[in-house]
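Chains as they are written, first to last, in the working numbering: chain L, 2 to 238; chain D, 2 to 238. Yeah, the Cβ is synthetic: ideal placement off N, Cα and C, and Gly gets one too. Input: a single structure, listed below in structure tokens.
Protein chains: 2
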Amino acid sequence: MIPKFEAIKRAISSEIEQGQWREHQQVPSENALAERFGCSRMTARRALTELVEQGVLVRSQGLGTFVAPFKSQGSMMAIRNIAEEIRERGHQHSAQLLLLKQVAAEAEVAIALSVPNGSAIFRSCLLHQENGQPVQLEDRYVNPALVPDYLAQGFDRQTPHEYLSQVAPLTQAHHLVEAVAPSEVQQRLLALATPEPCLQICRRTWSSQGVVSYARLLHPGSRFRLGGHLMVESTSR
Amino acid sequence: MIPKFEAIKRAISSEIEQGQWREHQQVPSENALAERFGCSRMTARRALTELVEQGVLVRSQGLGTFVAPFKSQGSMMAIRNIAEEIRERGHQHSAQLLLLKQVAAEAEVAIALSVPNGSAIFRSCLLHQENGQPVQLEDRYVNPALVPDYLAQGFDRQTPHEYLSQVAPLTQAHHLVEAVAPSEVQQRLLALATPEPCLQICRRTWSSQGVVSYARLLHPGSRFRLGGHLMVESTSR
DNA sequence: ACACCAAGGTTGTATATACAAGAATATACC
DNA sequence: GGTATATTCTTGTATATACAACCTTGGTGT
């Protein structure tokens with residue numbers, strides 16, 4: 002038996018996903034929702050509150066509650082995987098494996114992975130989608146010395162990140178975030194009508210053994226952003 | 002006047018930070034807290050709920066509420082100011098003050114600063130240059146209640162960030178990073194020949210008193226990258 | 001025409017209450 | 001001793017109510 006507030010959350014999410022309630026549109030007031038779902042205002046309110054925390058809705062005292070502009074959001078502070086983040090938003094994640102093979106390391110990648118120039122490394126290329134819409138193009142290079150069975154994976158039930166986390170637990174990571182224009186191929190893969198700015202994250206991850214992987218994650222600027230919250234603790238602790 | 006649940010949150014946080022309540026230790030039950038703080042159980046419960054969402058506490062039905070183990074992941078991005086970063090690279094930082102005045106808060110800004118819509122706030126606009134080349138367009142809104150003397154500053158020897166850090170020491174910050182196309186005005190100010198992708202950072206900063214400032218920092222994608230390093234400590238015990 | 005105020009609708013805070021569900025402990029029973 | 005069972009304490013869900021704070025709108029008075 003799912004709780005009422007959960008049922009209300011899903012009903013509201015559903016309305017939004019199916020386009021009944023559009024971006025910036027006002028959703029029914031707490032009292033109206035209470036009446037519609039046959040519950041008290043407090044229960045309807047709880048559903049709204051949790052959706053606001055998830056970034057699905059925005060509220061303003063005295064004004065009303067509105068559908069938030071949709072944009073997937075990744076976390077800056079923690080290394081999370083995109084599938085998790087998408088599922089946490091209550092959306093559907095899917096991915097297509099575009100490429101998975103052994104290649105010779107080019108200069109940039111060789112340096113990033115700390116392997117000799119031209120040595121054999123593994124490369125995978127995946128397109129991640131949120132509710133069927135492309136949000137991330139993942140171009141990843143993997144150190145075969147640390148992850149010898151990488152090519153044997155299917156990546157249909159597990160993302161590369163999830164697999165790597167199991168095989169070689171991450172101890173360090175380095176990020177580089179920049180705004181770039183997509184190449185024509187990238188633009189086509191991300192299903193962008195026009196060449197809009199993209200957010201690229203280049204991520205190097207280490208396990209205790211050394212550099213595990215180097216990934217270039219490309220996101221359409223209109224559909225993805227990075228968020229981070231920082232709390233400064235009092236210096237006493 | 003701060004709300005009761007907020008006061009309770011701070012009291013609990015304080016207990017934890019000062020080591021009175023240790024990791025994994027059980028905190029008083031909701032009923033006990035209600036009695037201690039002279040409020041209803043629902044109010045005490047709300048305080049706990051929000052602290053659980055912040056990761057300070059963990060709850061388990063039937064068992065109790067406990068102090069969460071401290072986070073092992075360090076922050077990935079320090080709040081730095083652009084002038085420092087530039088000087089650290091051995092380059093020369095300069096800035097032009099483009100605008101500094103009182104304005105009426107538009108909807109988006111009003112929400113970000115948690116002030117009533119249309120109320121008077123301060124706005125500043127600066128262009129930061131590295132060796133004479135524009136690297137950041139800083140569009141900042143400041144809460145006058147917390148920083149009454151903001152307009153009296155010259156910002157020729159001190160950046161707004163530096164000034165704010167002194168006047169209202171920061172306790173929290175929230176970041177949103179996205180890739181956007183610059184407007185014509187922005188493109189001209191940043192001295193971009195073509196409309197190249199830009200990296201925009203929207204930053205909200207809090208002091209203990211509340212939201213201090215909301216800033217939109219726009220950087221040319223070709224001249225600015227955001228880096229971050231993360232180290233995972235061994236999570237023993 | 002303009003400034004001001006009142007009314008109504010919205011979200012925000014706070015309380016009192018009730019029962020459900022989970023977990024540990026004490027108790028009764030065999 | 002071992003096994004149920006009952007009790008009690010905890011968090012989880014749900015409701016009804018009251019008032020505060022905020023925003024918009026419309027009317028009122030000047």
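**Asked** Is LEU231 (chain D) buried or exposed, if buried means 16 or more other CB atoms sit within 10 Å of its CB?
**Response** Numbered from 1 along the second sequence, position 230 holds the residue referred to as residue 231 (chain D). Under the 10 Å beta carbon count, LEU231 (chain D) is surrounded by 16 or more other beta carbons and is classified as buried.
**Request:** Run the CB neighbour count on GLY229 (chain L), radius 10 Å, all protein chains shown included, and call it buried at 16 or more, exposed below.
**Result:** Taking the first sequence and counting its residues from 1, one reaches residue 229 (chain L) at position 228. Per the 10 Å Cβ criterion, buried.
**Request:** Could you check the C-alpha separation between PRO117 (chain L) and VAL213 (chain L) for me, to the nearest Å?
**Result:** As a first step, residue 117 (chain L) must be located in the first sequence, where it is residue number 116. As a first step, residue 213 (chain L) must be located in the first sequence, where it is residue number 212. Inter-residue distance for PRO117 (chain L) and VAL213 (chain L) is about 14 angstroms (C-alpha atoms, whole angstroms).
**Message:** I want to see whether chain D comes within less than 8 angstroms of VAL213 (chain L), judged by CB atoms only; does it?
**Reply:** Indexing the first sequence from 1 puts residue 213 (chain L) at position 212. Residue-level contact check: VAL213 (chain L) does not touch chain D, since none of the beta carbons of chain D fall below 8 angstroms from its beta carbon.
**Item:** SER76 (chain D) to PHE38 (chain L) span [Cα, whole Å]
**Value:** Here the question's residue 76 (chain D) lines up with position 75 in the second sequence. Here the question's residue 38 (chain L) lines up with position 37 in the first sequence. With a pLDDT of 49 at SER76 (chain D), under the threshold of 50, the predicted position of this residue should be treated as unreliable, though the coordinate-derived value follows. Distance between the alpha carbons of SER76 (chain D) and PHE38 (chain L): 42 angstroms.
**Prompt:** Where ARG224 (chain D) and ALA35 (chain L) are concerned, what is the direct C-alpha to C-alpha distance, given to the nearest angstrom?
**Reply:** On the second sequence, position 223 is the one that residue 224 (chain D) refers to. On the first sequence, position 34 is the one that residue 35 (chain L) refers to. C-alpha separation (whole angstroms): 52 angstroms.
**Prompt:** Got a sec, what are the start and stop residues for the alpha helix (DSSP H) TYR164 (chain D) sits in?
**Reply:** Position 163 of the second sequence, counted from the start, is the residue given in the question as residue 164 (chain D). For TYR164 (chain D), the enclosing alpha helix (DSSP H) covers residues 161-168.
**Message:** Rounded to whole angstroms, what is the Cα-Cα separation between ARG23 (chain D) and VAL68 (chain D)?
**Reply:** Counting from one through the second sequence, the residue named residue 23 (chain D) turns up at place 22. Counting from one through the second sequence, the residue named residue 68 (chain D) turns up at place 67. Taken atom to atom, the span from the alpha-carbon of ARG23 (chain D) to that of VAL68 (chain D) is near 7 angstroms.
**Request:** Starting from the beta carbon of VAL233 (chain D), find every residue of chain L whose beta carbon is closer than 9 angstroms, and list them in chain order.
**Result:** As a first step, residue 233 (chain D) is located in the second sequence; it is residue number 232 there, counting from the start. The answer, in chain order, is ILE80, PRO170, LEU171, THR172, GLN173 and ALA174.
**Three-state class that DSSP yields for VAL53 (chain L) in the structure shown** = Taking the first residue of the first sequence as position 1, residue 53 (chain L) is located at position 52. The answer is helix: DSSP assigns VAL53 (chain L) an H, G or I state.
**Message:** What does the alpha-carbon distance come out to for the pair ASP150 (chain D) and GLN130 (chain L)?
**Reply:** Taking the second sequence and counting its residues from 1, the one referred to as residue 150 (chain D) is at position 149. Taking the first sequence and counting its residues from 1, the one referred to as residue 130 (chain L) is at position 129. The alpha-carbon of ASP150 (chain D) is positioned some 48 angstroms away from that of GLN130 (chain L).
**Request:** Taking LEU219 (chain D) as the reference, give the member of D:LEU191, D:GLY91 and D:GLN210 with the closest Cα.
**Result:** On the second sequence, residue 219 (chain D) is found 218 positions in, with the first residue counted as 1. For the residues D:LEU191, D:GLY91 and D:GLN210, the minimum Cα distance to LEU219 (chain D) belongs to D:LEU191.
**Prompt:** Can you list the alpha helix (DSSP H) stretches of 4 or more residues lying completely in the segment 86-171 of chain L, in chain order?
**Reply:** Scanning the segment 86-171 of chain L for uninterrupted alpha helix (DSSP H) segments of 4 residues or longer gives 108-114 and 161-168, listed from N- to C-terminal end.
**Message:** Alpha carbons only, please: which of L:ARG60, L:VAL59 and L:GLY211 is nearest the one belonging to ALA146 (chain L)?
**Reply:** Position 145 of the first sequence holds residue 146 (chain L). Nearest C-alpha to ALA146 (chain L): L:GLY211.
**Request:** Look up THR195 (chain D) in the DSSP assignment and say whether it is helix, strand or coil.
**Result:** Against the second sequence, residue 195 (chain D) aligns to sequence position 194. Coil.
**Item:** Nearest residue (CA-CA) to GLN255 (chain L), options L:LEU52, L:VAL110, L:THR66 and L:THR206
**Value:** One cannot answer for residue 255 (chain L) here, as it falls past the ends of chain L, which runs 2 to 238.
**Request:** Would you identify the three-state DSSP class for GLN27 (chain D), choosing helix, strand or coil?
**Result:** For the purposes of this step, residue 27 (chain D) is taken as residue 26 along the second sequence, with counting starting at 1. In the structure shown, the three-state DSSP call for GLN27 (chain D) is strand.
**Asked** In three-state terms, what does DSSP make of SER214 (chain D)?
**Response** Stepping through the second sequence from its first residue, residue 214 (chain D) is reached at position 213. Strand, per DSSP.
**Message:** Please report whether the beta-carbon of PRO198 (chain L) lies at a distance below 8 angstroms from any beta-carbon of chain D.
**Reply:** In the first sequence, residue 198 (chain L) corresponds to position 197, counting from 1. With 8 angstroms as the cut-off, PRO198 (chain L) counts as an interface residue toward chain D.
**Request:** Select from the segment 104-131 of chain D all residues with a C-beta closer than 7 angstroms to any C-beta belonging to chain L, and list them in chain order.
**Result:** For the segment 104-131 of chain D, which is checked against every Cβ of chain L, the residues closer than 7 angstroms are ILE112.
**Request:** Would you mind reading off the limits of the alpha helix (DSSP H) that contains ARG11 (chain L)?
**Result:** Your numbering for residue 11 (chain L) matches position 10 in the first sequence. Under the DSSP assignment, ARG11 (chain L) falls in the alpha helix (DSSP H) whose first and last residues are 5-18.
**Request:** Below 8 angstroms between beta carbons is the criterion; list the residues of the segment 25-37 of chain D that meet it against any residue of chain L, in chain order.
**Result:** The residues in question: there are none.
**Item:** Cβ shell of VAL110 (chain L) (< 8 angstroms), same chain only, five flanking positions each side left out
**Value:** Residue 110 (chain L) sits at position 109 when you count from the first residue of the first sequence. Taken in chain order, the residues that qualify are ILE122, TYR142 and TYR215.
**Item:** With 16 other Cβ atoms within 10 Å as the buried cut-off, status of PHE6 (chain L)
**Value:** Taking the first residue of the first sequence as 1, we reach residue 6 (chain L) at position 5. With 16 or more other Cβ atoms within 10 Å, it is buried.
**Asked** For VAL136 (chain L) versus PRO221 (chain L), is the C-beta spacing smaller than 8 angstroms?
**Response** Along the first sequence, one-based indexing puts residue 136 (chain L) at 135. Along the first sequence, one-based indexing puts residue 221 (chain L) at 220. Remark: C-beta atoms of VAL136 (chain L) and PRO221 (chain L) approach each other more closely than 8 angstroms.
**Request:** Enumerate in chain order the residues of its own chain whose CB-to-CB distance from PHE178 (chain L) is below 6 angstroms, with the five nearest sequence positions on each side excluded.
**Result:** Working through the first sequence from its first residue, we reach residue 178 (chain L) at position 177. Checking the displayed sequence, the identity of residue 178 (chain L) turns out to be Val instead of Phe. Short of 6 angstroms from the beta carbon of VAL178 (chain L), and not among the five residues preceding or following it, lie these beta carbons of its own chain, in chain order: ILE202.
**Item:** Residue(s) in a DSSP beta bridge with PRO221 (chain L)
**Value:** Walking along the first sequence from the start, residue 221 (chain L) turns up at place 220. As DSSP reads the structure, PRO221 (chain L) sits in a beta bridge with L:CYS199.
**Request:** Can you grab the Cα-Cα spacing for the pair ALA182 (chain D) / ALA8 (chain D), in whole Å?
**Result:** Here residue 182 (chain D) corresponds to residue number 181 of the second sequence, with the count starting at 1. Here residue 8 (chain D) corresponds to residue number 7 of the second sequence, with the count starting at 1. Taking the straight line from one Cα to the other gives about 43 angstroms.
**Request:** Taking all protein chains shown into account, decide if ARG90 (chain D) is buried (16 or more other Cβ within 10 angstroms of its Cβ) or exposed.
**Result:** One-based indexing of the second sequence puts residue 90 (chain D) at position 89. That one is exposed.
**Asked** Out of L:GLN62, L:ILE17 and L:HIS175, which has the shortest C-alpha to C-alpha gap to HIS92 (chain L)?
**Response** For this step, residue 92 (chain L) is matched to residue 91 along the first sequence. When the alpha-carbon of HIS92 (chain L) is set against those of L:GLN62, L:ILE17 and L:HIS175, the nearest one is in L:ILE17.
**Request:** Taking LEU98 (chain D) as the reference, give the member of D:ASP140, D:GLU86, D:ILE112 and D:ASN82 with the closest Cα.
**Result:** Locating residue 98 (chain D) in the second sequence gives position 97, counting from the first residue. If we check each option's Cα against that of LEU98 (chain D), D:ASP140 comes out closest.
**Message:** Less than 8 angstroms between CB atoms is the rule here; does HIS230 (chain D) satisfy it with respect to chain L?
**Reply:** Your numbering for residue 230 (chain D) matches position 229 in the second sequence. Yes, HIS230 (chain D) counts as interfacial toward chain L.
**Asked** With 8 angstroms set as the bound, which would you pick, yes or no: does the beta-carbon of ALA180 (chain L) sit closer than that to a beta-carbon of chain D?
**Response** Locating residue 180 (chain L) in the first sequence gives position 179, where the first residue counts as 1. In terms of beta-carbon proximity, ALA180 (chain L) lines the interface with chain D, with at least one pair separated by less than 8 angstroms.
**Asked** So is ARG217 (chain L) in contact with chain D if we call contact Cβ pairs under 8 angstroms?
**Response** If you number the first sequence from 1, residue 217 (chain L) lands on position 216. Taking 8 angstroms as the CB threshold, ARG217 (chain L) stays off the interface with chain D.
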